[in-house]
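Q: I am attaching a structure below and will ask some questions about it afterwards.
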Amino acid sequence: MDGYKKAPGSLVRFILVLYLVGHLTLFFFSCSQYIEENTDGAQAETPDACFVDLTRKEYRGGKLSMQISARRAAWYASDQRLEIEGLTFTTYDADEGSVSASGEADRAVFYEASGDAEFSGYVCVRSAEGDVSFETQKLTYRRALDVFETPADADVVIKAKDRLWMAGKGLLFDVKQKYYEILTDVSGSVYR
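Every position in the sequence shown, counted from 1, becomes a number in the numbering used here once 44 is added.
Here it is in C-alpha cells:
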C-alpha cells in the first residue's frame with residue numbers, strides 16, 4: 045500500500061493528460077462526423093452581414109421607391125442578395141412619390157442588382173388606399189415591370205373593402221396600371 049500512495053506526481057499527471065487527450069479526441073471526431081452527416085456534403089452559405097430589426101429605404105431616380113423593415117436579415121455579397129425574415133414593406137410610385145402598395149411577408153429575398161424580390165410564407169399586399177388586399181403563400185415582384193405575380197398554381201385571396209371577396213389560383217397585379225387578375229379556379233362573393 046505504501047508504494048501506491050507514494051506514486052510520483054509526474055506519473056499521475058501524465059495519466060491524467062492521456063485520459064483527457066483521449067476523451068477530447070473522441071469528442072472532436074464524434075462532432076465532425078455529426079456535422080458531415082447533417083450537411084450531406086453541402087456547404088451552408090455564410091452571410092457576409094447579419095442584421096436584426098433592420099429598416100432600409102431604396103431610391104430610384106433620386107426618389108424613394110421602397111421602404112422595408114425586417115425582424116432579421118442576412119446579406120450575401122456574392123450575388124447581392126438580402127434574405128429577410130419578418131418583413132413589412134411599402135412601395136412608392138416613382139413619378140409622384142405617393143404610396144403604391146404595402147404589405148408583409150414571413151420571408152423575402154431582395155436582389156440588389158435587378159431590384160426584384162420574392163416573398164414566401166404568409167404574404168399580404170395592400171393597395172395604397174388599403175381598399176384592396178391580396179393574400180397568398182408565394183409572390184414575386186418584378187421591378188422593371190412594377191408587377192407582382194404568383195405561380196399559376198398558388199392559392200390567392202383578394203378582398204376589396206367590404207364589397208368583394210375572391211379566391212383562385214395565380215395572380216397578376218400591375219402596380220402602374222392598377223390592374224389585377226386571378227388566372228384560374230375563380231370563386232367569390234360580391235356584397236352591396
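Glycine residues also receive a C-beta, built at the ideal position from the N, C-alpha and C atoms.
When you compare only the Cα positions, how much space is there between G214 and E148?
A: Computed Cα separation, rounded: 19 Å.
Q: Apart from the five residues just before and just after K203, which ones in its own chain have a Cβ nearer than 6 Å to its Cβ?
A: Result list for K203: S177, W209, in chain order.
Q: Starting from the Cα of S142, find the closest Cα among V96, Q111, D150 and give me that residue.
A: Nearest of V96, Q111, D150 to S142, Cα basis: Q111.
Q: With a 10 Å radius around its C-beta and 16 neighbouring C-beta atoms as the bar for buried, classify S122 as buried or exposed.
A: Counting Cβ neighbours within 10 Å, S122 comes out exposed, since fewer than 16 surround it.
Q: Comparing alpha-carbon positions, which option in S158, D218, V96, V230 lies nearest D190?
A: When only C-alpha atoms are compared, the closest one is D218.
Q: Exposed or buried, what is E193 when buried is set at 16 or more other beta-carbons lying within 10 Å of its beta-carbon?
A: When all chains shown are included, E193 counts as buried.
Q: Give the straight-line distance between the Cα atoms of L216 and Y120, rounded to the nearest whole angstrom.
A: The alpha-carbon atoms of L216 and Y120 are separated by roughly 29 Å.
Q: Compute the distance between the beta-carbons of A114 and G130, then report whether it is under 7 Å.
A: Contact: yes.
Q: Go to E193, then tell me how far its beta strand (DSSP E) extends in each direction, as first and last residue.
A: Residues 191-193.
Q: Of the residues Q124, S109, K107, which one's Cα is nearest the Cα of P91?
A: Minimum Cα distance to P91 is reached at Q124.
Q: Going by DSSP in three states, G159 sits in which element: helix, strand or coil?
A: Coil, per DSSP.
Q: So what does Y136 bridge to, in DSSP terms?
A: Per DSSP, V143.
Q: Which runs of the beta strand (DSSP E), 3 residues or longer, sit entirely within the stretch 160-229?
A: Fully enclosed beta strand (DSSP E) runs of 3 or longer: 161-171, 176-186, 191-193, 199-204, 208-218.
Q: Does the distance from the C-beta atom of R207 to that of Y224 stay below 7 Å?
A: Going by C-beta atoms, R207 is not nearer than 7 Å to Y224.
Q: So the beta strand (DSSP E) D97 belongs to, where does it begin and stop?
A: 93-104 is the span of the beta strand (DSSP E), which, as asked, contains D97.
Q: Is it the case that the Cβ atoms of K182 and A196 are separated by a distance below 7 Å?
A: No, these two residues do not count as a Cβ contact at 7 Å.
Q: With distance defined between alpha-carbon atoms, name the residue in E173, C94, V230, F163 nearest to K222.
A: If we check each option's Cα against that of K222, E173 comes out closest.
Q: Taking DSSP's pairing of strands, which residues face G232 in a bridge?
A: G232 pairs with M210.
Q: Helix, strand or coil for A88, going by three-state DSSP, please let me know.
A: A88: coil per DSSP, three-state reduction.
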